[in-house]
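Q:
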Amino acid sequence: MTNLVILVGRIARDPETRTTQGGTSITSISVVTDRPARKDGKTYKDENGYTAKESEFHRVTCFNGLGENVAKYCTKGQLVTVEGRIHYTQWEDQSGTKRYGCEIIADKVDFLTKGRTSSNDGAPDIDED
11 MTNLVILVGR
21 IARDPETRTT
31 QGGTSITSIS
41 VVTDRPARKD
51 GKTYKDENGY
61 TAKESEFHRV
71 TCFNGLGENV
81 AKYCTKGQLV
91 TVEGRIHYTQ
101 WEDQSGTKRY
111 GCEIIADKVD
121 FLTKGRTSSN
131 DGAPDIDED
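For the sequence shown, my numbering assigns the number 11 to the initial residue and increments by one for each residue that follows.
(1) Less than 9 Å between the beta carbons of G19 and T34, yes or no?
(2) Mapping the DSSP letters down to three states, classify K55 as helix, strand or coil.
(3) On the premise that E64 lies in contact with A81, defined as a C-beta separation below 8 Å, what is that separation, rounded to the nearest angstrom?
(4) Provide the residue span of the alpha helix (DSSP H) that contains A22, from first to last.
(5) If you pair each beta-carbon of the segment 71-78 with each one of the segment 110-121, do three or more pairs fall below 8 Å?
(6) Return the chain-ordered list of same chain residues with a C-beta closer than 6 Å to the C-beta of Y98, the five sequence neighbours on each side being excluded.
(7) If we cut at 9 Å on Cβ distances, does Y54 have a partner in chain B?
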C-alpha cells in the first residue's frame, strides 16, 4: 500500500513555525495548485483571453530540520515541489461538532525558484532526516 503525494505549486503565504512542548519544530505552508477550469466538460477562456483556471490550496506540514529550512528560505509566491503523504484528522470542537481536516506531511521540499536568499545560486533539495 502506498500513500504518496507530489505537489508542484506556489507558496500562498509566508511559512509559519511553532514549537511543541516536546521541542518539535513544526512549519506550516499553504501550496496552491492550478488546473484548467471546465464548463460542460471543456476548458474555456476567461475575460482576458487566457485559459480559465481553478485553484486548490493544500495545507503542508514540515517537521524539524525540513521545517526550519522551509521557514528560512521560502517566501510567498515561490514555486516548490512537495513530496509527502496525506494525513487526515478528526476532532470535536467546543460545541461537540465533529470536524475533519486534511494535510500533507512533507518528506521533501524542492525549491524551484529562489526564495529569501538572493545570494544563493539555487537552494539545495532538502530531505527530512
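Just so you know, even glycine gets a beta-carbon here, dropped at the ideal spot from N, CA and C.
If you're wondering where the values come from, they're calculated on a predicted model, not measured in any experiment.
A: If we stick to the structure as given:
(1) no
(2) strand
(3) The Cβ separation is near 29 Å, so there is no contact.
(4) Where A22 is concerned, there is no enclosing alpha helix (DSSP H), given that its DSSP letter is neither H nor E.
(5) yes
(6) C112
(7) Structure shown: chain B not included; a single protein chain is present.
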